[in-house]
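Undergrad: Here it is, the structure in full.
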Amino acid sequence: MVLSCLGWVDRGALWRFDGQSGQQDSIPLSNADYVRLFRGKAECFAVQHIWQSGRFRMTAHAWSVPEQTLSSIEVGEHSANLDGDASVWASLPSTYVGPVAAGPSICYRVLALDDATPRTIRLDWFDDYDPMYQSVGSAQLLPGSKQFVVGIQRSSDLVIIDADDGHVVRRVPLADRHGNPHPILSTTGQNVWAADYDTLVRLDTTTWQVAESALLQPAREGTGMFIGDLWVTPDESEILVPRPGSGDVLVLDSESLAIHASVYLGSEPLVAVALADGRIVARDWMTGSVLLGQLDRP
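Quick note: the sequence shown uses the numbering used here, first residue 82, plus one each step.
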């Protein structure tokens, strides 16, 4: 089973694709403006529900019954209230970020789960950014540290912040392409992969230097085109990179960023995953329609 969510298409629902039958349907979850998915362990996943008015809520689900909520966390300006089975969060990512109403304005708060106990941290430094043009896209705990790695919309820097009070520790430049980096950390925390508009970057977290960089989407007819959402294989050996401007999905080595394969799907694939049998399941950027292909290994 494949789950996905494209906010402008699915809103507060999940899109589901059955790999055996080829059937697809929608799973309504909330009246949120859009939702985000977070992969977990032990057959669990998390969903972030975001309202543009300045509210976000986390819910935990099981793959076997995705429409059922096992636990939820409602994030407010000064609190985070957990309801349901708290133990499920131990199998899910420990850090999330979203908009929260603060009087007449909206601020961004990190939700951190310390031993399943929720706390929030206000990102005061984001006031220096342009909230009409930019947003905080993601926050992840760097394994073995007390720091979060934060991605900012339309920025070419990742922001490393202190996990206790949220102050900026350092800014890490990517490829200077002003993209929408949603950094992905390796299990060990040694590597960070991020898409910077048309370029894929791998960072070495021991130095926070760019270890590898690959321009993957050349301009088309003089117009720059972005790459889609990254998907790292479970063993972290390869990365799938959809290219809406080229109608295909690239399969890259996660260390060297060398291209192993290209699977042409047509249309404009924005998100993609690989199934165990080599099938590529993707969705079209504008319509959310399913796009299917086959990865043939040499």
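We put the CB at the ideal spot given by N, CA and C, even for glycine.
With a cut-off of 8 Å on the beta carbons, I'd call ALA244 and LEU222 a contact; round off their distance for me.
TA: 7 Å
Undergrad: Would you mind working out which of SER85, VAL169, TRP89 sits nearest PRO106, comparing C-alpha positions?
TA: A small correction: the amino acid at residue 106 is Asp; Pro does not occupy that position in the sequence shown. With distances taken between Cα atoms, ASP106 lies closest to SER85.
Undergrad: Where does PHE119 fall in DSSP's three states?
TA: Residue state for PHE119 is assigned as strand, using DSSP reduced to three classes.
Undergrad: Helix, strand or coil, according to DSSP, for TRP289 in the structure here?
TA: coil
Undergrad: With distances taken between CB atoms, is the gap from GLY135 to VAL181 smaller than 7 Å?
TA: yes
Undergrad: Rounded to whole angstroms, what's the CA-CA distance from ASP208 to GLY359? Just pull it up for me.
TA: 45 Å
Undergrad: Tell me, to the nearest whole angstrom, how far the beta carbon of ASP277 is from that of LEU255; I am working on the premise that it is less than 8 Å.
TA: 4 Å
Undergrad: Report the rounded CA-to-CA distance for TRP144 versus ASP316, giving the unit in angstroms.
TA: 20 Å
Undergrad: Which of the three DSSP states, helix, strand or coil, is assigned to PHE137?
TA: strand
Undergrad: Rounded to whole angstroms, what is the Cα-Cα separation between VAL352 and GLY374?
TA: Roughly 13 Å between the two C-alpha positions.
Undergrad: Can you tell me where the beta strand (DSSP E) with VAL240 in it begins and where it stops?
TA: 238-243
Undergrad: For PRO325, count neighbouring C-beta atoms within 10 Å of its own C-beta (all shown protein chains included) and say buried if the count is 16 or more, exposed if not.
TA: buried
Undergrad: Which residues does DSSP list as the beta-bridge partners of TYR278?
TA: Answer by DSSP bridge pairing: none, since TYR278 is not bridged.
Undergrad: Out of GLY184, ALA171, ALA339, LEU163, which has the shortest C-alpha to C-alpha gap to ILE320?
TA: ALA339
Undergrad: Whose CA, out of HIS142, ALA183, LEU173, LEU297, lies closest to the CA of GLN133?
TA: ALA183
Undergrad: Taking DSSP's pairing of strands, which residues face VAL362 in a bridge?
TA: VAL354, LEU373
Undergrad: Tell me, which residues are paired with PRO254 by DSSP?
TA: ASP238
Undergrad: Only counting the same chain, and skipping five residues up and downstream in sequence, which positions put a Cβ closer than 7 Å to that of LEU194?
TA: Result list for LEU194: TRP170, SER175, in chain order.
Undergrad: May I ask you to list the residues that DSSP assigns as paired with LEU311?
TA: Paired residues: none, contrary to the question.
Undergrad: Please report the residue range of the alpha helix (DSSP H) in which VAL169 lies.
TA: Element bounds for VAL169: n/a, residue is neither H nor E.
Undergrad: Of all the options TRP274, THR288, VAL313, which has the alpha carbon lying nearest to the alpha carbon of ALA295?
TA: TRP274
Undergrad: Do you know whose CA, among PRO147, PHE137, GLY232, lies nearest LEU163's CA?
TA: PHE137
Undergrad: Helix, strand or coil: which one does DSSP assign to ASP208?
TA: helix
Undergrad: Quick one: what does DSSP say ASP91 is sitting in, helix, strand or coil?
TA: helix
Undergrad: Taking only the alpha-carbon atoms, compute the straight-line gap between GLY406 and VAL83 and give it to the nearest angstrom.
TA: Here the chain covers residues 82 to 379 and nothing more, so residue 406 does not appear.
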